[in-house]
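Undergrad: Just so you know, we're using the numbering used here here: the sequence shown kicks off at 15 and counts up by one.
All C-beta atoms, glycine included, are put in the ideal place defined by N, C-alpha and C.
One structure, as C-alpha cells, below. Some questions next.
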Amino acid sequence: MACHFANPPLRAALAGFSCLAILLITGVPTSAQTPPGSHLINGSREGTASAVPTSLGNSGVSTPEVSSTLKDTFKGSFFIGAAVNPAQFTEQDTRGAALVKAQFNAITPENVLKWENAHPQPGSYSFESPDRYVAFGEKNHMFIVGHTLVWHNQTPAWVFQDDKGSPADRETLLNRMREHIHTVVGRYHGRINGWDVVNEALDENGTLRQTPWLKIIGEDYIAKAFQFAHEADPQAELYYNDYNLEIEAKLKGALELLRKLQAQGVPISGVGIQGHYHMDSPSNEQVDAAITAFGKLGLKVMITELDVDVLPLAFKYMGADVTLSAELQPKLNPYPNGLPDAAQQALAQRYAGLFGVFLKHPGVLKRVTFWGVTDGDSWLNNWPVKGRTNYPLLFDRSAQPKPAFDAVIRAVHSAPPQ
Ligand code: GLA
C-alpha cells in the first residue's frame, strides 16, 4: 500500500517502496511515522521510548529488522496497553517489567482489582497490590485502567447473599455495590484514568445476561454502577466492557443497551471490545463494523483484552466465558515445543489485518490493550483447557518479539493516510 510522503519529487522517486523501506533508505520520516498530535498521559507528554530492535522469532522465522516500539509507533493513533500481573508491576519479574515499560503506555490490572481480590470479605479491602499497580503506572507516566467493578465472575458469593445464605434483597445489594464502588474508585480518585465499570452484562443473543446483579437488583443495576462510579470520581472515564461484540446479535444488543444508557443520561464514556480472537474469527470486517457502530454513538472505543488463540477449539463456543472448561487431550495441544513457522507467519498476518482495521478509526479507537505481555503469561495456556502451550501475544516466552510484533509495527507504515 502507498506510503504518504509529503515531498512530491521524493514520493515519485520512491513509489513502490513501503514507508519502512523509505525510512531505512532515506532517514526521512513520512507522515505515517510522525502522525500529527500525540496523547497526553496523566497530564504530561509521554517520554521517548528506547528503541528495541527486533530479532528472530522463537521459531527462527526471519523477520526484517524493525527498530521501534509499540508505544512510539502508535503514539499519534491510540494508547497501546497490556494487562499486567503483580510480578510485573512490582518489578519482581525484572524482564517483564522492563518490557512493559519499553513497549506500552497503558496498563490494566489482570486480577488485583477484581472484587474477589480487592474486597474479599464484607468490610475488608485489600489494597496493597492495587496500590503498587497504580504507583507503577504513575511512575512510568502510563494511562491507568481500573478493571473491573461489577461482574458476575470473580465476585465472592457473600456479595449476593444475606446472613442466612439466601439471595440478598435489592436494597442490600445496591448498598453493597455503592459502598464497593465508592471505596475502590474513591481511593484512586484522580489517579486511575478509566474504569471498566460493568463487565459482560450481555448474553450471546444480545439480551441481558441472567446474573445475580440482574436478578436481584433489576435492569437498572448497570445505570446505578455508572452513577456510583461517577460520584466517586467525576473525572474518570467510565466504560462498558464485553466480548463477542463483533457477533451480530450481541452487537445489536450492546448498541441498544448503550443507546438506552445514553438516553437516560448515564455517565458512560466508552465501550471496551475485549478482543479475545481466533485465527479466523471474527473477520476483520466484523471488527471494523463493530468499531464503526460504537463510534457512531459518540463513545470512545477501546480494544481492551486483545489476544489471538492459535490452538484448536476445545468446543464450538467462541468467547471468553471464564467458567467454561474442557479436558486436556494431545490433539488440543499440538505445539507444546514451539509454534511452527507457517503458524507463526499466519499469526503475524492475522495481527497485521487486525491492526490495519484499528488504524482505520482515528479519533474513535483510543486504546488497544493486550491481555498479557508474553505468551507465557497468557490465560489462554489454561483456558478453556488447563496446561496447554498457546502463542497468542506479540512476545514469546523469552520476552523476544515475534514475527507478529514486526507485522503490527509494519501495519502503521502500510495503513492508508486518514
Ligand atoms: C474476561 C475478563 C478479564 C479476564 C479474561 C480472561 O475477559 O474481563 O478480566 O478474566 O476474561 O482472563
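Quick test of the definition: if touching needs 3 or more C-beta pairs under 8 Å, does the segment 347-363 touch the segment 91-105?
TA: The segment 347-363 is not in contact with the segment 91-105.
Undergrad: Let me know if Pro-43 comes out buried or exposed under the rule of 16 or more other beta-carbons within 10 Å of its beta-carbon.
TA: Confidence is the limiting factor: at Pro-43 the pLDDT is only 32, short of 50, which leaves the residue's position unreliable and the question unanswerable from this model.
Undergrad: Mark Ala-171 as exposed unless 16 or more other C-beta atoms lie within 10 angstroms of its C-beta, in which case mark it buried.
TA: Classification for Ala-171: exposed.
Undergrad: Roughly how many whole angstroms lie between the Cα atoms of Gln-363 and Lys-178?
TA: So the two alpha carbons sit approximately 55 Å from each other.
Undergrad: Quick check: the segment 364-374 against the segment 407-426, are there 3 or more CB pairs under 8 Å?
TA: Cβ pair count under 8 Å is three or more, so yes.
Undergrad: Just checking Ala-334 against ligand 1 - is the residue's beta carbon closer than 7 Å to any of the ligand's heavy atoms?
TA: Checking the Cβ of Ala-334 against ligand 1 gives yes.
Undergrad: By Cβ distance, which residues of its chain are closer than 6 Å to His-375, with the 5 residues on each side in sequence left out?
TA: Cβ neighbours of His-375 beyond the five flanking positions: Ile-305.
Undergrad: I need the boundaries of the beta strand (DSSP E) containing Asn-213, first residue and last residue.
TA: Counting along the chain, the beta strand (DSSP E) containing Asn-213 begins and ends at 208-213.
Undergrad: Quick one: is Lys-400 buried, meaning 16 or more other Cβ sit within 10 Å of its Cβ, or exposed?
TA: The residue in question, Lys-400, is exposed, as its Cβ has fewer than 16 Cβ neighbours within 10 Å.
Undergrad: Got a sec: does ligand 1 put a non-hydrogen atom nearer than 7 Å to the Cβ of Gln-288?
TA: Yes, the Cβ of Gln-288 comes within 7 Å of a heavy atom of ligand 1.
Undergrad: Near Asn-298, which residues of its chain fall below 8 Å by C-beta distance, leaving aside the five closest residues on each side in sequence?
TA: Gly-367, Leu-368, Gly-370, Val-371.
Undergrad: Cβ of Trp-385 versus every heavy atom of ligand 1: is any distance shorter than 7 Å?
TA: Checking the Cβ of Trp-385 against ligand 1 gives yes.
Undergrad: For Gln-175 and Val-212, I'd like the C-alpha separation in whole angstroms.
TA: One C-alpha to the other measures close to 20 Å.
Undergrad: Roughly how many whole angstroms lie between the Cα atoms of Ala-307 and Ala-268?
TA: Looking at the two C-alpha atoms, the distance is approximately 10 Å.
Undergrad: Using the three-state DSSP reduction, which class does Pro-415 fall into: helix, strand or coil?
TA: Strand, per DSSP.
Undergrad: Where DSSP assigns a beta bridge to Ile-287, which residues make up the other side?
TA: Paired residue(s): Asp-256, Ile-317.
Undergrad: Can you tell me where the beta strand (DSSP E) with Val-164 in it begins and where it stops?
TA: Counting along the chain, the beta strand (DSSP E) containing Val-164 begins and ends at 157-164.
Undergrad: Note down the Cα distance separating Gln-358 from Tyr-291, rounded to an integer number of angstroms.
TA: One C-alpha to the other measures close to 16 Å.
Undergrad: Can you give me the C-alpha to C-alpha distance between Asn-255 and Ser-339, rounded to a whole angstrom?
TA: Whole-angstrom Cα-Cα distance: 22 Å.
Undergrad: Measuring CA to CA, which of Val-198, Lys-115, Leu-272 is closest to Asp-247?
TA: It is Val-198 whose Cα lies nearest to the Cα of Asp-247.
Undergrad: Run through the DSSP bridge pairs and tell me what Glu-251 is partnered with.
TA: According to DSSP, Glu-251 bridges with Gly-208.
Undergrad: Mapping DSSP to helix, strand and coil, what is Pro-344?
TA: Of the three classes helix, strand and coil, the one that applies to Pro-344 here is helix, per DSSP.
Undergrad: If I measure Cβ to Cβ from Tyr-257 and keep anything under 6 Å in the same chain, skipping five residues before and after, which residues do I get?
TA: Hits under 6 Å: Gln-288, His-290, Gly-333, Ala-334.
Undergrad: Please classify Pro-78 as buried or exposed, where buried requires at least 16 other C-beta atoms within 10 Å of its C-beta.
TA: Note on Pro-78: pLDDT 43, under 50, position unreliable in the model; no value is reported.
Undergrad: Considering only residues of the same chain and omitting the five flanking positions on each side of Trp-385, which have a CB-CB separation below 6 Å?
TA: Result list for Trp-385: Ala-97, Glu-319, Asp-321, in chain order.
Undergrad: How about Glu-319: is its Cβ closer than 7 Å to a heavy atom in ligand 1?
TA: The answer is yes for Glu-319.
Undergrad: Excluding sequence positions up to five away, which residues of its chain have a Cβ less than 6 Å from the Cβ of Leu-187?
TA: So the list reads Ile-230, Ile-231, once near-sequence residues are dropped.
Undergrad: Leu-34: buried (16+ other C-beta within 10 angstroms of its C-beta) or exposed?
TA: Any reading at Leu-34 is ruled out, since the residue's pLDDT is 38, under 50, leaving its predicted position unreliable.
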